[in-house]
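Structure record follows, encoded as structure tokens.
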Amino acid sequence: MSTPAAFFDLDKTVIATSSALAYGRQFFKNGLITASQALALSYAQTAFLLQGWSGGQMDSTRDKLLEMVAGWDVAKVAEIAQTTLHEVVTPAIYEEARELIAWHKRQGHDVVIVSASVRDLVAPIATELGVDRILTSELEVRDGKYTGKLLTYNKGVTKITRVTEMGYALGQSYAYSDSETDIPLLAAVGHPVAVNPDKNLAQWAADNGVPIRRFSNPVPLFPHPNPWVTAGAAIVLIGALIAIFWRSPLLPGHRRT
Numbered sequence: 566m567s568t569p570a571a572f573f574d575l576d577k578t579v580i581a582t583s584s585a586l587a588y589g590r591q592f593f594k595n596g597l598i599t600a601s602q603a604l605a606l607s608y609a610q611t612a613f614l615l616q617g618w619s620g621g622q623m624d625s626t627r628d629k630l631l632e633m634v635a636g637w638d639v640a641k642v643a644e645i646a647q648t649t650l651h652e653v654v655t656p657a658i659y660e661e662a663r664e665l666i667a668w669h670k671r672q673g674h675d676v677v678i679v680s681a682s683v684r685d686l687v688a689p690i691a692t693e694l695g696v697d698r699i700l701t702s703e704l705e706v707r708d709g710k711y712t713g714k715l716l717t718y719n720k721g722v723t724k725i726t727r728v729t730e731m732g733y734a735l736g737q738s739y740a741y742s743d744s745e746t747d748i749p750l751l752a753a754v755g756h757p758v759a760v761n762p763d764k765n766l767a768q769w770a771a772d773n774g775v776p777i778r779r780f781s782n783p784v785p786l787f788p789h790p791n792p793w794v795t796a797g798a799a800i801v802l803i804g805a806l807i808a809i810f811w812r813s814p815l816l817p818g819h820r821r822t
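This is the structure:
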């Protein structure tokens, strides 16, 4: 197809939070996780907002979350995500992203959210934004429950492979992301934009003449702090997260020994 598209990463690009971690309180209230697991998710989310994640940190967090969700009822998760959307996610949507999505739609561009998060969490956000097309990670489901296995991990080069298969005119298309892991996607389109970029993406953007935009409405929990403070706080938070994950059960009734 010759239609241009606008590809948007989700976390810290469209929303000022992590879609995979933001529902910790709601999962706890609905009996899916323990209090210590909810606290671990909160620490992980804070570390993500402070420092962002490298590819390795994304993979490590992915593995912990996969172990955590094994056995969860798919319909219950979808219901929680849908019914608490306006409490958890809507207040974190960047107004700049809303306006940009609306602009692309006025230009006749197809808008696609391309996220490493899972479909059941991304789909309600896409609906809220009036976006019909999403590419997400996909979890294996058996008898209505997550098995804890990942069928598709929508990260890095996987994103560009799946985007290419959609048949859009990439040379005329746009892509927006905050993360170095999306450099393959950004490099593949004619109009890449780094949004609230992490350190490595900011350097890549500067080296390649890629525009950088700062979305700040709503104001992120930690808006561009001093790098020394950021690094120190992130080390403390990540250390606490590791300790919590190590000491607390990832599934009810199970403890590490």
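This note's numbering applies: residue 566 is where the sequence shown begins, and numbers increase by one.
In this text, a Cβ means the ideal position worked out from N, Cα and C, and glycines have one as well.
In the three-state scheme derived from DSSP, where H, G and I count as helix and E and B as strand, Leu750 is classed as helix. Excluding residues up to 5 positions away in sequence, Leu751, Pro757, Val758, Ala759, Trp769 lie with their Cβ nearer than 8 Å to the Cβ of Val775 in the same chain. DSSP places Lys710 in the strand class (E or B) of the three-state scheme. According to the DSSP assignment, Pro689 belongs to no beta strand (DSSP E) but to the alpha helix (DSSP H) extending over 684-694. Asp628 sits in a helix when the DSSP states are folded into three classes. Going by C-alpha positions, Asn761 is about 34 Å away from Val706. In the displayed model, Ala587 falls within coil according to three-state DSSP, outside both helix and strand. For Met633, the closest alpha carbon among the candidates Thr649, Glu652, Ala640, Phe593 is that of Phe593. In the structure shown, the three-state DSSP call for Ile666 is helix. Residues of the same chain with a CB within less than 7 Å of the CB of Val696, apart from the 5 flanking positions on each side, are Ile666, Val676, Ile678 in chain order.
By the neighbour-count criterion, in which 16 or more other beta carbons inside 10 Å mark a residue as buried, Asn719 falls on the buried side. When only Cα atoms are considered, Tyr733 and Thr712 end up about 33 Å apart. Rounded to whole angstroms, the gap between the alpha carbons of Val754 and Ile748 is 10 Å. Of the residues assessed, Trp668 falls on the exposed side of the cut-off, its CB having fewer than 16 other CB atoms within 10 angstroms. Thr701 is the residue among Gly596, Arg671, Thr701 whose C-alpha sits nearest the C-alpha of Leu715. Annotated as distal: Arg663 and Leu686, with beta-carbon spacing of 8 Å or more.
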